[in-house]
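Participant:
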Amino acid sequence: LPGQATLPLEYAVSAALAARASAIAARNLTVQHSTGGRGAWVQGSQPLLCRMVDNVLDNAISHNLDRGWVRVTTGADGDRAWLAVENGGEVLDQAQVAGLGQPFRRLGADRTGSGGGAGLGLSIVAAVVEAHGGTLSLSARAEGGLQVSISLPLAGDRAAVAAGAPAGVRA
37 LPGQATLPLE
47 YAVSAALAAR
57 ASAIAARNLT
67 VQHSTGGRGA
77 WVQGSQPLLC
87 RMVDNVLDNA
97 ISHNLDRGWV
107 RVTTGADGDR
117 AWLAVENGGE
127 VLDQAQVAGL
137 GQPFRRLGAD
147 RTGSGGGAGL
157 GLSIVAAVVE
167 AHGGTLSLSA
177 RAEGGLQVSI
187 SLPLAGDRAA
197 VAAGAPAGVR
207 A
């Protein structure tokens with residue numbers, strides 16, 4: 037994969053949220069970003085991993101209600117790093133949500149948001165997750181909205197990470 041790096045998911049999320057500050061403000065969304073303790077360092081293609089995070093956050097922002105919310109959590113358990121993104125919104129059908137990882141799948145014109153879209157965002161996420169040995173779970177929230185859960189192998193260079201690697205991307 038191109039652009040191999042060891043990347044903290046927290047950094048990718050922070051950068052993606054900063055880049056989307058105006059879109060978040062325009063929708064008047066409340067965003068919570070937290071870490072689950074241990075650093076969620078992953079290894080792989082930096083451009084692809086960043087695109088994965090970008091697409092999940094774009095989806096959570098676009099397919100939301102004005103004055104809604106987005107919750108982003110990163111962490112690590114055992115040998116897996118994880119990213120969970122939840123947003124409020126309309127109640128969704130789980131059977132339809134399960135297919136959103138396939139190309140050109142959308143939940144209808146009412147969910148196209150202001151940016152439209154061809155239904156490729158989450159299929160790109162699914163492909164990036166698979167290419168990095170991870171798993172993707174898409175779940176309709178009973179209260180409305182969507183939960184996207186991504187699990188990836190934790191970076192193998194734990195000694196360097198524990199020794200105080202900079203809070204940024206390492207090539």
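Take any residue in the sequence shown, count from 1 to its spot, add 36: that is its number in this note's numbering. From the three backbone atoms N, C-alpha and C, an ideal C-beta is built for every residue, glycine too.
Answer yes or no: do Ser187 and Gly170 have a C-beta to C-beta separation smaller than 7 Å?
Facilitator: What you label residue 187 is simply residue 151 of the sequence shown in a count that begins at 1. What you label residue 170 is simply residue 134 of the sequence shown in a count that begins at 1. A contact, by the Cβ cut-off of 7 Å.
Participant: If you measure between the beta carbons of Arg63 and Asp94, is that distance less than 7 Å?
Facilitator: For the purposes of this step, residue 63 is taken as residue 27 along the sequence shown, with counting starting at 1. For the purposes of this step, residue 94 is taken as residue 58 along the sequence shown, with counting starting at 1. Against a cut-off of 7 Å, the Cβ pair of Asp94 and Arg63 comes out as no contact.
Participant: Rounded to whole angstroms, what is the Cα-Cα separation between Gly167 and Ala76?
Facilitator: Looking up residue 167 in the sequence shown gives position 131. Looking up residue 76 in the sequence shown gives position 40. Going by the sequence as given, residue 167 is Ala instead of Gly. If I take the Cα positions, the gap works out to 18 Å.
Participant: With Asn123 as the anchor, note down where its beta strand (DSSP E) starts and where it stops.
Facilitator: Walking along the sequence shown from the start, residue 123 turns up at place 87. Start and end: Arg116 to Asn123.
Participant: How many angstroms separate the CA atom of Val127 from the CA atom of Ala178?
Facilitator: Residue 127 sits at position 91 when you count from the first residue of the sequence shown. Residue 178 sits at position 142 when you count from the first residue of the sequence shown. If you take the alpha carbons of Val127 and Ala178, they lie about 7 Å apart.
Participant: Please name the residue in Gly180, Val78 and Ser159 whose C-alpha comes closest to that of Asp113.
Facilitator: Locating residue 113 in the sequence shown gives position 77, counting from the first residue. When only C-alpha atoms are compared, the closest one is Val78.
Participant: Secondary structure at Ala41, three-state DSSP: helix, strand or coil?
Facilitator: The residue labelled residue 41 in the question sits at position 5 within the sequence shown. Here Ala41 sits in strand by DSSP.
Participant: Between Ser173 and the rest of its own chain, which residues show a CB-CB distance below 7 Å, the 5 nearest in sequence each way excluded?
Facilitator: Along the sequence shown, one-based indexing puts residue 173 at 137. Cβ neighbours of Ser173 beyond the five flanking positions: Ser185.
Participant: Within 6 Å: the Cβ of Val121 and any heavy atom of the ligand MG?
Facilitator: Among the components modelled here there is no ligand, and therefore nothing to report on the ligand MG.
Participant: Find out if the Cβ-Cβ distance for the pair Gly124, Leu65 is shorter than 7 Å.
Facilitator: For the purposes of this step, residue 124 is identified with residue 88 of the sequence shown, where counting begins at 1. For the purposes of this step, residue 65 is identified with residue 29 of the sequence shown, where counting begins at 1. Taking 7 Å as the Cβ cut-off, Gly124 and Leu65 do not qualify as a contacting pair.
Participant: So what does DSSP say about Gly157, is it helix, strand or coil?
Facilitator: Position 121 of the sequence shown, counted from the first residue, corresponds to residue 157. Three-state result, Gly157: helix.
Participant: Am I right that Asp115 and Leu190 are in contact with their C-beta atoms under 8 Å? What's the rounded C-beta distance?
Facilitator: Here residue 115 refers to the residue found at position 79 when the sequence shown is read from its first residue. Here residue 190 refers to the residue found at position 154 when the sequence shown is read from its first residue. 5 Å between Cβ atoms; contact.
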